[in-house]
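Step one of this worksheet: look at the structure below.
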Amino acid sequence: MSHLHVTQSDALLHIELNRPDKLNALNAALFEELADTLSQAQRNPAVRALVLSGRGKAFCAGADITEITEADAIEGLAFANRGQQVFRQLETLGKPSIAAIHGYALGGGCELAMAATLRIASVDAVFGQPEIKLGIMPGYGGTARLARLVGKGRALDLCLTGRNIDARQAEAWGLVTQLVDASDNVVDTALAQAHRLTQLAPIALDHIMQTIDQGFDLPLAQALALEANHFALLCATQDKQRGIEAFLQKRAATFSGE
Ligand code: COA
């Protein structure tokens with residue numbers, strides 16, 4: 010059975026983690042499928058946004074612990090590098106992604122969510138980096154992205170204690186960008202939000218993501234220069250013409266990605 014269930018509707022790709030009996034734990038086969046799916050999505054101009062969610066009772070309970078059991082240092086490095094590579098592929102895809110999170114988002118599950126562009130969670134969602142309880146630490150970008158999203162102190166708190174936080178706490182900390190009531194369907198909310206993103210100018214979305222990704226760690230003057238360069242590039246697109254003409258004519262713009 011495939012470890013992912015992938016469906017495309019219009020310009021929207023929905024990737025569902027499909028190992029519900031193992032709470033969607035991330036094993037090597039799942040990573041292979043995810044890397045392939047992301048590569049295809051990147052190449053396909055008909056895909057403009059992605060939603061990631063988990064089937065069953067959890068978003069994802071982390072890396073598959075059974076695959077770490079026998080790992081020595083060399084294999085551990087390969088294990089961490091592989092997950093980091095695929096999550097970075099998602100983060101730098103050039104197309105916005107939304108993680109739709111319900112239930113557990115622990116360890117690699119939390120790290121996968123953090124590599125997505127946006128995170129929408131239902132109130133029942135639970136976040137944490139419990140690796141310390143196994144005598145290890147986050148290896149798929151958890152220390153780096155968590156500290157950037159919620160601050161160094163809170164990242165140290167979660168990674169050192171291995172404690173979980175609920176969705177409301179995650180929203181208050183900025184780990185989650187939108188909270189959905191339990192009665193609502195978090196996946197439907199994410200699909201609707203992603204659909205709105207597919208209506209926007211794809212080149213502009215890509216450049217905004219690139220600018221924030223690359224500019225975040227730069228000194229302010231360099232980040233501003235980077236922003237100006239990306240802004241200049243967007244001024245040369247047909248989508249900029251279409252967007253501004255539509256505004257002046259008081260109608261909705263249709264963006265072609267040129
Ligand atoms: N890797 C491999 N298998 C996992 C897993 C993981 N990260 N998380 C859950 N599973 C498996 C369980 O072993 C169990 O399999 P089984 O039915 O064959 O025994 C199945 O998924 C269901 O999990 P279970 O523990 O029975 O569910 P629960 O509701 O009682 O507990 C959790 C849920 C998330 C609290 C618990 O599964 C857990 O602590 N998982 C590990 C989380 C973790 O440490 N992640 C970081 C890994 S580096």
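Positions 10 to 267 (my numbering) are the ones given, in order, by the sequence shown.
Glycine residues also receive a C-beta, built at the ideal position from the N, C-alpha and C atoms.
From residue i to residue j, what distance separates their C-alpha atoms?
i           : j           : result
residue 234 : residue 222 : 14 Å
residue 20  : residue 127 : 17 Å
residue 11  : residue 27  : 7 Å
residue 143 : residue 183 : 27 Å
residue 70  : residue 238 : 40 Å
residue 56  : residue 198 : 19 Å
residue 240 : residue 153 : 28 Å
residue 150 : residue 264 : 34 Å
residue 266 : residue 95  : 25 Å
residue 105 : residue 206 : 8 Å
residue 113 : residue 134 : 6 Å
residue 98  : residue 191 : 31 Å
residue 66  : residue 116 : 16 Å
residue 121 : residue 53  : 22 Å
residue 35  : residue 246 : 39 Å
residue 77  : residue 29  : 20 Å
Might you give, ordered along the chain, the residues of its own chain that have their beta carbon closer than 7 Å to the beta carbon of residue i, omitting 5 neighbours on each side?
i           : result
residue 46  : 13, 15, 24
residue 186 : 127, 128, 129
residue 216 : 239, 242, 243
For residue i, which residues in the same chain have their Cβ closer than 8 Å to its Cβ, ignoring the five residues on either side in sequence?
i           : result
residue 225 : 157, 232
residue 189 : 129, 130, 131, 132, 195, 198
residue 227 : 235
Taking buried to mean at least 16 other C-beta atoms within 10 Å of its own C-beta, is residue i buried or exposed?
i           : result
residue 18  : exposed
residue 253 : exposed
residue 68  : buried
residue 261 : exposed
residue 248 : buried
residue 259 : exposed
residue 40  : buried
residue 103 : exposed
Return the chain-ordered list of same chain residues with a C-beta closer than 6 Å to the C-beta of residue i, the five sequence neighbours on each side being excluded.
i           : result
residue 194 : none
residue 38  : 12
residue 171 : 139, 141, 142
residue 92  : 149
residue 124 : 96, 99, 100
**Asked** How about the stretch 72-88 and the stretch 44-63: do they share at least three Cβ pairs that are nearer than 8 Å?
**Response** no
**Message:** Taking 7 Å as the limit, name every residue whose beta carbon sits nearer than that to some heavy atom of the ligand COA, in sequence order.
**Reply:** 30, 31, 32, 34, 67, 70, 71, 72, 73, 74, 75, 77, 113, 115, 116, 117, 139, 140, 142, 143, 145
**Message:** I'd like to know if the stretch 198-212 and the stretch 162-171 are in contact, where contact means that at least 3 CB-CB pairs between them fall below 8 Å.
**Reply:** no
**Item:** the stretch 135-153 touching the stretch 52-63, judged by at least three CB pairs closer than 8 Å
**Value:** no
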